[in-house]
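Engineer: First the structure, which I've put down as structure tokens, then a few questions once you've had a look.
Protein chains in written order, with UniProt numbering: chain A, 1 to 89; chain B, 1 to 477.
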């Protein structure tokens, strides 16, 4: 993974003034994971019905899991990339 | 309990942080005063960001909030904050740190070079942060009055004068070092309180929930309030001016991002533990508190010996002061660096801008003390969450799109900011609590994109400048 330079960019002297700057794959994956977990945690709210698991509100159970999982995955990913960068150097 | 021992510990704490401010009194260049020379390392910045974010509002307000509304609603803001740090780390931390900037206005100036934006941003920051700081000062006054018995007015004045002194003396260096100390105190407080809370329940993990079942129930509020509370904090972290200044003081872009990642997990663990056990213990001790914000203090006074309670009192004040000092520096930077140095007198010397910043620190601090001394009604105090939500509605998409979407124009950003602000205020009057962001943020996005398409595309030179300076050439994590 390490440093993900934009390998698709061709330096032909032209500059596009539209579209987005490129986001690396791991950042994109992290954003997708974040969005997915948020949707899992909060989508039941949109239905209007109160979802419970084992008698406890879904938000009570899901939010701490979402917080801890996202925080842990993010720190792990950050250090994984740092280490990979170190190995590449 | 001995108020004398608590007072002695709190006085010692005040002397230490004043000493830190005095130690950094000679660090007066603009680079050092506003961003500590960009030399703050990852560990120090992690603790400083954590302390600046974990304000008195977080400590007293969020625990009181969970005490009143239950954990599912209380944790919504915390989940939003954790997501906010991740979003900010991925989308804005590294690009912002690569820019030669001190404030969020400098970042917008780099992105858009638009005088109207350079004026609008600091004005919004100052208006929102005065509310924020008054809320923090009021919380400090209430707690200090309760703990030390020295009266509300003297409490507000003493605390206010102390942080004015060390911020005006030492700038970013002083608030970073004091925030590190305060971060350690806050973590120590959480560990002690959680341990005492679990001991109160015989070290059972399930007993707190079983004994106070109301804490685990959903609050009877509109679902939009849950979503709005989450979205406010998920979108605010990226644009909070005093947190952005921390990013700009990091010793490298990578360090800024790593610090954000650590704050995310620290904040998650901290909140999951503290907001479960402490409100539960408070409910068990006194289920009918007239002022829920005192839930933490009630637990402290009931369970801790006086000497430890003195340390906890210092930690609570640390939580308040670690945020107010950062708010104060951000506001003085808005006046001196942004309005004076960027808009009114771009030719002003570095020394003059810092001198004006020092005067601004004292002036804004005194105004905030004066407002807080009037003991404003709680309705004014709770407005600070909406004040930060309003900033997020105005700044989030113009910032993120400005960094990542090449087609964003200055007119689009200005329109997005203006509509975000106006629609937040308008929606706030008619929608459920915290739900205004659900209207204002999408509108800001639509208007920023729509007006950008309707105006001339940015020049090739601007795109090249953004690509090179923001580091888009190197797209790594």
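Cβ atoms here follow ideal geometry from the backbone N, Cα and C, with glycine treated the same way.
Which residues of chain B have a Cβ atom closer than 9 Å to the Cβ of residue 43 of chain A, listed in chain order?
Structural biologist: None at all; the shortest Cβ gap to chain B is about 10 Å.
Engineer: Tell me whether residue 45 of chain B is buried or exposed, calling it buried when 16 or more other Cβ atoms sit within 10 Å of its Cβ.
Structural biologist: So residue 45 of chain B counts as buried.
Engineer: Using a Cβ-Cβ cut-off of less than 8 Å, give me the residues of the region 452-467 of chain B that come near chain D, in sequence order.
Structural biologist: Of the protein chains in the structure, A and B, none is chain D.
Engineer: Could you tell me the distance, in whole angstroms, from the CA atom of residue 88 of chain B to the CA atom of residue 274 of chain B?
Structural biologist: Cα-Cα distance, rounded: 24 Å.
Engineer: Closer than 8 Å, Cβ to any Cβ of chain A: which residues of the region 212-228 of chain B, in chain order?
Structural biologist: Per Cβ criterion, the list reads 216, 217, 218, 223, 226, 227.
Engineer: Residues of chain B with CB closer than 8 Å to the CB of residue 17 of chain A, please, in chain order.
Structural biologist: Residues of chain B passing the Cβ test: 406, 407, 457, 458, 459, 460, 463.
Engineer: For residue 216 of chain B, which residues of its own chain have a beta-carbon under 7 Å away from its beta-carbon, when the five flanking residues on both sides are left out?
Structural biologist: 70, 71, 209.
Engineer: DSSP on residue 239 of chain B, reduced to helix/strand/coil?
Structural biologist: Coil, per DSSP.
Engineer: Give the DSSP bridge partners of residue 57 of chain A, in chain order.
Structural biologist: DSSP, once it has assigned bridges, lists A:52 as partnering residue 57 of chain A.
Engineer: Pick helix, strand or coil for residue 129 of chain B, following the three-state DSSP scheme.
Structural biologist: Three-state DSSP puts residue 129 of chain B in a helix.
Engineer: Between the region 385-399 of chain B and the region 437-445 of chain B, are three or more C-beta pairs nearer than 8 Å?
Structural biologist: The region 385-399 of chain B is in contact with the region 437-445 of chain B.
Engineer: Any idea what DSSP makes of residue 341 of chain B, helix, strand or coil?
Structural biologist: In this structure, residue 341 of chain B counts as helix in the three-state DSSP scheme.
Engineer: Would you call the region 77-86 of chain B and the region 56-67 of chain A touching, i.e. three or more CB-CB distances under 8 Å?
Structural biologist: Yes, the region 77-86 of chain B touches the region 56-67 of chain A.
Engineer: Are the C-beta atoms of residue 34 of chain A and some chain B residue less than 8 Å apart?
Structural biologist: Judged by the 8 Å Cβ criterion, residue 34 of chain A is in contact with chain B.
Engineer: So what does DSSP say about residue 53 of chain B, is it helix, strand or coil?
Structural biologist: Of the three classes helix, strand and coil, the one that applies to residue 53 of chain B here is helix, per DSSP.
Engineer: Mind pulling the chain A residues with CB within less than 7 Å of residue 392 of chain B?
Structural biologist: Going along chain A, no residue has its Cβ under 7 Å from residue 392 of chain B, so there is no contact; the nearest lies around 16 Å.
Engineer: Report the partner residues of residue 20 of chain A according to the DSSP bridge assignment.
Structural biologist: Looking at the DSSP assignment, residue 20 of chain A forms a beta bridge with B:405.
Engineer: In the region 59-71 of chain A, which residues sit with their C-beta less than 7 Å from some C-beta in chain B, listed in chain order?
Structural biologist: Correct list: 59, 60, 63, 64, 66, 67, 68, 70, 71.
Engineer: Restricting to Cα atoms, I'd like to know which of B:152, B:402, B:190, B:330 is closest to residue 361 of chain B.
Structural biologist: Comparing Cα-Cα distances from residue 361 of chain B to each of B:152, B:402, B:190, B:330, the minimum goes to B:330.
Engineer: Quick check on residue 48 of chain B: does DSSP put it in helix, strand or coil?
Structural biologist: Of the three classes helix, strand and coil, the one that applies to residue 48 of chain B here is helix, per DSSP.
Engineer: Taking the straight line between their C-alpha atoms, what separation do you get for residue 89 of chain A and residue 465 of chain B?
Structural biologist: Interpretation of residue 89 of chain A is limited by its pLDDT of 49, a score under 50 that renders its predicted location unreliable; the figure taken from the coordinates is listed afterwards. Using only the alpha carbons, I get a separation of about 28 Å.
Engineer: So is residue 40 of chain A in contact with chain B if we call contact Cβ pairs under 8 Å?
Structural biologist: No, its Cβ sits nowhere closer than 8 Å to a Cβ of chain B.
Engineer: So, does the CB of residue 31 of chain A fall closer than 8 Å to a CB anywhere in chain B?
Structural biologist: Yes, because at least one Cβ of chain B sits closer than 8 Å to the Cβ of residue 31 of chain A.
Engineer: Beta-carbon within less than 7 Å of residue 34 of chain A's beta-carbon, same chain only, minus the 5 sequence neighbours each way: which residues are those?
Structural biologist: Cβ within range, chain order: 70.
Engineer: Between the Cα of residue 123 of chain B and those of B:433, B:387, B:456, spot the shortest distance and give me the residue it belongs to.
Structural biologist: With distances taken between Cα atoms, residue 123 of chain B lies closest to B:387.
Engineer: Out of B:165, B:121, B:249, B:61, which one is the CA nearest neighbour of residue 98 of chain B?
Structural biologist: Nearest option by C-alpha distance: B:249.
Engineer: Please report the straight-line C-alpha distance between residue 207 of chain B and residue 282 of chain B, rounded to a whole angstrom.
Structural biologist: Each residue's alpha carbon lies about 14 Å from the other.
Engineer: Let me know if residue 333 of chain B comes out buried or exposed under the rule of 16 or more other beta-carbons within 10 Å of its beta-carbon.
Structural biologist: Buried: at least 16 other Cβ atoms inside 10 Å.
Engineer: If you count every other CB in all the chains shown that lies within 10 Å of the CB of residue 159 of chain B, and 16 or more means buried, which is it?
Structural biologist: The residue in question, residue 159 of chain B, is buried, as its Cβ has 16 or more Cβ neighbours within 10 Å.
Engineer: At a CB-CB cut-off below 8 Å, which residues of chain A make contact with residue 76 of chain B?
Structural biologist: Per Cβ cutoff of 8 Å: 59, 63.
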